[in-house]
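Residue numbers (the numbering used here), protein chains in the order written: chain A, 8 to 360; chain B, 1162 to 1816.
What follows is a single structure, written as structure tokens, with notes after it.
Below is the structure:
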């Protein structure tokens, strides 16, 4: 039987993180690629199975916890951030990953997502965005484009879609990133998310090959990919295109525009990426296809204290100031009085803490 | 006895005093001080604060009236009293709202200064009418007109306090008059004022002013030739011990802290503010030095979900709420059922449905607690019966949750949550430890596999906290295969798991106390109650017993499962009466499960029972006057067999 000591010494591989459950996503689903990347990252960053918890809501992506051999909870629709918060309050030492989707995280659970982000609980949120409701078989989601024809919008969706990244930046998130399910950079983004202390939010473009196939073809197809995305690098200019000959710069009135390099435009004229600038991050979150290439990478990152640490500090401070709680003192505090013989009351001061 | 008093002093066994005024008039504080003083001098006491739903309803209106009633006695008492013996009314609205509750011949002290034209109009009295000049009121009550506002200002004419702050001392003047009338000493209140305003808030001048006004009120009673009689209530034969005044919400908070200490599990209270449960959060937020963490979540759902997260991670997860919040928590509570995690949900009931009557009491969430979820999803349901009982039942809720790996709903209500009673403090060392077992390496089977739905003799599954090597497992809302714990859609397994979840509850019945009967174990009538109606039912039944009637009482603290002897108890009586502050929720459970022809007394007025209402119903039951009626309802403090029809109140038909 393995002891705790043995477990520490073992080097785990991606395979070790696979559970004994059959993975039941549709063949060809983007979720497989994400699952593989996650297992690789867990092995690479030296995660311990017993110290890792995956928490999910409801939806295709939310089956995720069943497929990794860690602790896990497949909770209820939209509420995963609240469960994850509870887990971290009870045991801040655990590595908590949260799996949600565009419906789970932004529709039914939008409230919980924004509050988890603003509190900065140290958890890693992966939002699988496939711009469709998959588990309920193909209705439009909060990220479906306007006019999207689905079973529940046969004449086209009249809902305005929202940008998960804009929401995250607006909700005071301390780490915001985006990656594509099949892209080589997904692993790097997840590693950086895990490294970040505080809530990290990674939007992952994920292909639902049954109900919304090729929704992100522009970002995965070799022929269009490099013209449709722009990879963010801290301190570097925003350059994109298969020949890296296009860039984004700000006009005099602060609006982004695409320019061709050369012809009098130098790299220094372009917009430089700054991971620590919230307004810049929001601006990037508004760059959308087909007008602009969509940014991939870390939009925003700032060091800030975590909720569970601040709470623990209050507990420590209270213990220091008042001494560890004493049940007797608690009960006998305040206006207590003695009844000695029947009917003889004498007020006592009480053991004021 | 106060020296220098020469007026007639009448001895009475008990008295009920109500302080009433604008919600900003400090009536709750005055009432609490009167209560503490009465407790300290050895009376038994019971209180009932009654406040408006709005924080500051328009001043001077009936909607803004706040009241605090205290019953104090030379005997054991269980209720704040049916009728008011003395009313202190700080303005016309307070008089208007409260005078119907004053007994004929009772004392009414009014702040005469506030009975001006403007205030009379705000209270909704007709033009050119002043109730103080009403002949009937002067005949029916002992009306005393005291210029409280002016005399308070006079007493503080040399004070440096602002006019507004001086105005806020009026409650102490009224309290001083009440102390005089009921022959109470001032020292407990003076000490409180010194401690609270002087030391805690560092406002010695406010403390001094309040004390001055308190004394002035008392001396007014002594000197003015106004009160021909004062009243004296002797000490009650109270068991020796150390006591304090306690409300249900305070007691529940302390019970949770005690359960945390006794189980060695950190208490993490995750909740969303809601009346009348928020005070539990306030008390616990101030107990960080016990390691207590409080988490004010973004909504009711996040409150319970984070508490479940706490439980999954191996600590004591508790959430608190009131009716509408419990409705929001129902899906998550179902998850706690299927994941078989320990969880405590405290529901401080209030008038419903929907937002209903937020500050008023009701017992109408029993069926919601029992059944308010999708699927067959039984939870343990407990109910505290008095303010101090909230302490013990909170501990019991935690014990059962850990013991059986099951969610427990503890029902309290607005009446016991805010009402206070003297509590003989227990010795904390005598509270039993709460055993907790976490799964460890010994829970691995022969193949080294952990089976999260393996069961013990209570059918509880192992509690494996994340962080423990080799026990990685996944829980969730999808049905699980028994023992192995993998996702399982098999029909036979679902039936088995459903049966197991029910049987877990049944087995708890063997580990809880049997139902005690107050009175003879057989007889003509059993009055069966649950929750906060304990005081009124006990008082009414004892009154009936003292008349020689063969009536007994029994009070349920365990509603799911019921005590194992409940069926036997029910069958030992010729008739069963179930008084409830709802339309008959326990009655329908009892009728359904035990096939007993139980009848109901059902009050849905946002107010607790009056003893008299239960006494009258007992008489009707014993005289076999109910006929086919399944229940009766009180109207204007009396129970009759008429008045059951809604027809007279429907107005003219439309169209």
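No residue lacks a Cβ here, since even glycine has one placed at the ideal position from N, Cα and C.
This structure is a prediction, so every number in the text was calculated from the model and none was measured.
Practice item. Pull up the distance between the alpha-carbon of residue 101/A and that of residue 1182/B, whole angstroms please. Key: In the first chain, the residue the question calls residue 101/A occupies position 94. In the second chain, the residue the question calls residue 1182/B occupies position 21. When rounded, the distance between both Cα atoms is 54 angstroms.
**Study point:** Status (buried if at least 16 other CB within 10 Å, exposed otherwise) for residue 301/A
**Key:** One-based indexing of the first chain puts residue 301/A at position 294. With 16 or more Cβ atoms within 10 Å of its Cβ, residue 301/A is classed as buried.
Exercise for review: Kindly indicate the opening and closing residues of the beta strand (DSSP E) around residue 1408/B.
Suggested key: Position 247 of the second chain, counted from the start, is the residue given in the question as residue 1408/B. Start and end: 1402-1408.
Check your understanding: How long is the line joining the alpha carbons of residue 203/A and residue 56/A, rounded to whole angstroms?
Key -> The residue given as residue 203/A occupies position 196 in the first chain. The residue given as residue 56/A occupies position 49 in the first chain. Roughly 19 angstroms separates the two Cα atoms.
Practice item. Assuming residue 1762/B contacts residue 1793/B (C-beta within less than 8 angstroms), just tell me the rounded distance between them. Key: Taking the second chain and counting its residues from 1, the one referred to as residue 1762/B is at position 601. Taking the second chain and counting its residues from 1, the one referred to as residue 1793/B is at position 632. Indeed they touch by this definition, with Cβ atoms about 6 angstroms apart.
Check your understanding: Looking at the C-beta of residue 421/A, does it have a partner C-beta in chain B at a distance below 8 angstroms?
Key -> A question about residue 421/A goes unanswered here, because the residues of chain A that appear run from 8 up to 360.
Point to revise | Buried/exposed call for residue 1539/B, threshold 16 Cβ in 10 Å | key: Translated into the one-based positions of the second chain, residue 1539/B becomes position 378. Under this definition residue 1539/B is a buried residue.
Check your understanding: Name the DSSP bridge partner or partners of residue 215/A?
Key -> The residue you call residue 215/A lines up with position 208 of the first chain. The partner list for residue 215/A (beta bridge, DSSP) reads 219/A.
Point to revise | Buried versus exposed call for residue 1790/B [16 or more other C-beta atoms within 10 Å across all chains shown] | key: Counted from its first residue, the second chain places residue 1790/B at position 629. Exposed, since its Cβ has fewer than 16 Cβ neighbours within 10 Å.
Practice item. Check whether the segment 1317-1328 of chain B touches the segment 1227-1247 of chain B, taking contact to mean three or more Cβ pairs, one atom from each stretch, closer than 8 angstroms. Key: no
**Study point:** Counted within 10 angstroms of its Cβ, other Cβ atoms place residue 250/A as buried (16 or more) or exposed
**Key:** Mapped onto the first chain, residue 250/A falls at position 243. With fewer than 16 Cβ atoms within 10 Å of its Cβ, residue 250/A is classed as exposed.
**Study point:** Where residue 1403/B meets chain A, residues with beta-carbon distance less than 7 angstroms
**Key:** Stepping through the second chain from its first residue, residue 1403/B is reached at position 242. Correct list: 339, 343, 345.
Practice item. Under 7 angstroms Cβ to Cβ from residue 357/A, same chain only, skipping five residues before and after it: list those, please. Key: The residue labelled residue 357/A in the question sits at position 350 within the first chain. Per-residue confidence for residue 357/A stands at a pLDDT of 38, beneath the threshold of 50, marking its modelled position as unreliable; the derived number appears in the next sentence. The answer, listed in chain order, is 339, 340, 341, 342, 343.
Practice item. Could you name each continuous beta strand (DSSP E) segment of 3 residues or more that falls completely within the segment 1605-1640 of chain B, going from the start of the chain to the end? Key: 1635-1637
Check your understanding: Exposed or buried, what is residue 1205/B when buried is set at 16 or more other beta-carbons lying within 10 Å of its beta-carbon?
Key -> Residue 1205/B sits at position 44 when you count from the first residue of the second chain. Per the 10 Å Cβ criterion, buried.
Review point. Using the beta-carbon count (16 or more within 10 Å), is residue 1799/B buried or exposed?
Key: Locating residue 1799/B in the second chain gives position 638, where the first residue counts as 1. That one is exposed.
Check your understanding: Looking only at DSSP bridge pairs, what is residue 1584/B linked to?
Key -> One-based indexing of the second chain puts residue 1584/B at position 423. Answer by DSSP bridge pairing, in chain order: 1405/B.
**Study point:** Simplified DSSP state of residue 1332/B, which is helix, strand or coil
**Key:** For the purposes of this step, residue 1332/B is taken as residue 171 along the second chain, with counting starting at 1. It is helical.
Review point. Just reading off the alpha helix (DSSP H) that residue 49/A is part of, what are its end residues?
Key: Counted from its first residue, the first chain places residue 49/A at position 42. Note, residue 49/A: alpha helix (DSSP H), 37-51.
Review point. Below 8 angstroms between beta carbons: does that hold for residue 147/A and residue 164/A?
Key: Numbered from its first residue, the first chain carries residue 147/A at position 140. Numbered from its first residue, the first chain carries residue 164/A at position 157. Yes, the Cβ-Cβ distance between residue 147/A and residue 164/A is below 8 angstroms.
Exercise for review: Please name the residues in the segment 50-79 of chain A whose beta-carbon is closer than 7 angstroms to at least one beta-carbon of chain B, in chain order.
Suggested key: 56, 57, 58, 60, 72, 73, 76, 77, 78, 79
**Study point:** Identity of the residues DSSP links to residue 1264/B by a beta bridge
**Key:** In the second chain, counting from the first residue as 1, residue 1264/B sits at position 103. Residue 1264/B is not bridged to any residue.
Check your understanding: Any idea what DSSP makes of residue 133/A, helix, strand or coil?
Key -> Position 126 of the first chain, counting from 1, holds the residue named residue 133/A. Strand.
Practice item. Look up residue 1566/B in the DSSP assignment and say whether it is helix, strand or coil. Key: Taking the first residue of the second chain as position 1, residue 1566/B is located at position 405. If DSSP states are grouped into helix, strand and coil, residue 1566/B belongs with coil.
Point to revise | 8 angstroms contact criterion, which residue 1313/B and residue 1334/B should meet: CB distance rounded | key: Along the second chain, read from residue 1 onward, the residue named residue 1313/B stands at position 152. Along the second chain, read from residue 1 onward, the residue named residue 1334/B stands at position 173. That pair is a contact at about 5 angstroms.
Review point. What does residue 1454/B reach in chain A if we use C-beta pairs closer than 7 angstroms?
Key: For the purposes of this step, residue 1454/B is taken as the residue at position 293 of the second chain. By Cβ distance, chain A contributes 96, 318, 322.
Check your understanding: Ordered along the chain, which non-local residues of its own chain (more than five positions away) have a Cβ less than 6 angstroms from that of residue 1199/B?
Key -> In the second chain, residue 1199/B corresponds to position 38, counting from 1. These residues qualify, in order along the chain: 1206, 1233.
Point to revise | Euclidean distance between Cα positions of residue 1469/B and residue 1741/B | key: Your numbering for residue 1469/B matches position 308 in the second chain. Your numbering for residue 1741/B matches position 580 in the second chain. Those two C-alpha atoms are separated by around 32 angstroms.
Point to revise | Given residue 59/A as reference, the closest of 72/A, 67/A, 298/A once Cα atoms are compared | key: Walking along the first chain from the start, residue 59/A turns up at place 52. The shortest Cα separation from residue 59/A among 72/A, 67/A, 298/A belongs to 72/A.
Point to revise | Through-space distance from residue 1702/B to residue 1657/B, alpha-carbon basis | key: Counting from one through the second chain, the residue named residue 1657/B turns up at place 496. Counting from one through the second chain, the residue named residue 1702/B turns up at place 541. Each residue's Cα considered, the two are about 44 angstroms apart.
Practice item. Consider the Cβ of residue 1286/B: report whether some Cβ of chain E lies at a distance smaller than 8 angstroms. Key: Included in the structure are the protein chains A and B, with no chain E among them.
Practice item. Please determine if the segment 1655-1669 of chain B and the segment 1727-1734 of chain B are in contact, where contact requires at least 3 C-beta pairs separated by less than 8 angstroms. Key: no
Check your understanding: Nearest chain A C-beta to residue 1448/B closer than 8 angstroms, yes or no?
Key -> The residue labelled residue 1448/B in the question sits at position 287 within the second chain. Yes, residue 1448/B counts as interfacial toward chain A.
Check your understanding: At which residues does the alpha helix (DSSP H) containing residue 224/A begin and terminate?
Key -> Position 217 of the first chain, counted from the first residue, corresponds to residue 224/A. Note, residue 224/A: alpha helix (DSSP H), 224-227.
Exercise for review: Please report how far the alpha carbon of residue 1344/B lies from the alpha carbon of residue 1338/B, in whole angstroms.
Suggested key: Reading the second chain from its first residue, position 183 is the one you call residue 1344/B. Reading the second chain from its first residue, position 177 is the one you call residue 1338/B. Rounded to whole angstroms, residue 1344/B to residue 1338/B spans 10 angstroms at the Cα level.
**Study point:** Candidates 1342/B, 1389/B, 1412/B, of which the one nearest residue 1379/B by Cα
**Key:** Against the second chain, residue 1379/B aligns to sequence position 218. Checking every option, the nearest Cα to that of residue 1379/B belongs to 1342/B.
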